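Student: Sharing a structure, written as structure tokens. Questions coming.
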Amino acid sequence: GAYAAAQIAAGGKALQGVLGWDPETGAWMVATMVLVYSAAGGIRASIWTDAAQSFVMLVAMTLLFAAGVSGFGGWQAVLDGWRAVPGFFDLTPPDLLVPGFFGLSLFVIGWMFAGISVIGQPHIMARFMALDKPASMNRARVWYYGFFIAFYGLATVVGLLSRLYLPDLGGMDAELALPTMAVHLLPPMLTGLVLAGIFAATMSTADSLVLSCSAALTHDLSTKRFEHPWLMKGATALVTGLALFIALSNSSSVFSLVIFAWSALAVAFGPLLILLATGRHVSERRAILMMLAGLAVALAWRSAGLEGWIYEGLPGILTGLAIGWPSGASATLQARPSETAATTRT
63 GAYAAAQIAA GGKALQGVLG WDPETGAWMV ATMVLVYSAA GGIRASIWTD AAQSFVMLVA
123 MTLLFAAGVS GFGGWQAVLD GWRAVPGFFD LTPPDLLVPG FFGLSLFVIG WMFAGISVIG
183 QPHIMARFMA LDKPASMNRA RVWYYGFFIA FYGLATVVGL LSRLYLPDLG GMDAELALPT
243 MAVHLLPPML TGLVLAGIFA ATMSTADSLV LSCSAALTHD LSTKRFEHPW LMKGATALVT
303 GLALFIALSN SSSVFSLVIF AWSALAVAFG PLLILLATGR HVSERRAILM MLAGLAVALA
363 WRSAGLEGWI YEGLPGILTG LAIGWPSGAS ATLQARPSET AATTRT
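The sequence shown begins at 63 in my numbering and counts up one residue at a time.
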């Protein structure tokens, strides 16, 4: 719910940055659109809209990237501008919480665990589970990594460009930098395309999260599967309403909310999936203990303010693995009784 709330809040901020609307209006708009097509089409609608939204995101980011570079006078002018910003390319700035190379190492290791955390995200793993056959995985990799590298590369450069166009944010919300750049650099029609790209980014994640949560309510929390269409649509509406409530009542930044939700899902499910994928046997009680202990450690780490030292997902994931690893030997190292008998006969 918190992760979906972050996406809804991001939509509100996008409208605030481009049109000057109250962010609550954008939050209501995103929540309504997500609810309509998620309840109507389910996971199939989510997958098809995600495919379309990904292209809108890529076009919008390419447009903003090109406008940003050309508007500043070309690549050389951009590079000169970056070099003129004190400490802009310094990997170990003096204001790091942990100075020097050690602080950089903590940053890299922590965010490496943030990457590993993807296996704990049900809305992402559901995409792999929906593949028609294992052979389709190779094609999925090409599409995924091709889009990932292109989009995140462009987004990173646009983020760096915002430092040149908005050198002194002052009291401005830093998360409004991208729509603010679009307003200053592009004509209204193309600014609308960038706004559509931001909405596509938020909605493509929000709908997947809402459907994952509603599926958990109707299929996982009870021993009986509830397949009645209206009951499942009601669960979707309930989850969307909860996410909207969190988005409207939360005062944290979108980025903080995303990191919190990402790490919570990662520490709860990631260690268990790692052990199961490596063939280890984990009892139900130990699995529950792994999830609760990992989540408790991550929350305590964040509450103590230690996330500034290293990403809270790292201690949470390691805690879960430490509890679950002694649970049993790898299944790949244990022969089945039938295999043992066959070997004895031969």
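Where a beta carbon is used, it is the ideal one built from N, C-alpha and C, also for glycine.
Keep in mind that this is a model prediction, so the values were computed, not measured.
#1: What three-state label does DSSP hand A404 in the structure shown?
#2: Counting along the chain, where does the alpha helix (DSSP H) carrying N200 start and finish?
#3: Which term fits I211, buried or exposed, when burial requires 16 or more other beta carbons within 10 angstroms of its beta carbon?
#4: Just to confirm my understanding: we take L376, look at its own chain, exclude 5 residues before and 5 after, and list those with CB closer than 6 Å. What are they?
#5: Tell me whether the beta-carbon of A66 lies closer than 9 Å to the beta-carbon of V329.
#6: Does the region 256-269 come close enough to the region 68-77 to have 3 or more Cβ pairs within less than 8 Å?
#7: What is the C-beta distance between V272 and S100, in whole angstroms, given that I count them as a contact (C-beta under 8 Å)?
#8: Could you tell me the boundaries of the alpha helix (DSSP H) in which D152 lies?
#9: Per the DSSP calculation, R106 is bridged to which residue(s)?
#10: Just to confirm the assignment, what range does the alpha helix (DSSP H) spanning P377 have?
#11: So, at 8 Å on beta carbons, what are the nonlocal neighbours of T298 in its own chain, with the 5 sequence-adjacent residues on each side left out?
#12: Exposed or buried, V147, counting other C-beta atoms within 10 Å across all chains shown (16 or more means buried)?
#13: If I follow the unbroken alpha helix (DSSP H) through G356, where does it start and stop?
Tutor: If we stick to the structure as given:
#1: Its pLDDT being 40, under 50, A404 is placed unreliably by the model, and the measurement read from it follows with that caveat. In this structure, A404 counts as helix in the three-state DSSP scheme.
#2: S198 to Y227
#3: exposed
#4: G172 and F175
#5: No Cβ-Cβ contact shorter than 9 Å links A66 with V329.
#6: Yes, they touch.
#7: 5 Å
#8: Unbroken run through D152: none, as it is neither H nor E.
#9: Beta-bridge pairing links R106 to no other residue.
#10: G375 to G386
#11: L97, S100, A101, V272, L273 and S276
#12: exposed
#13: E346 to S365
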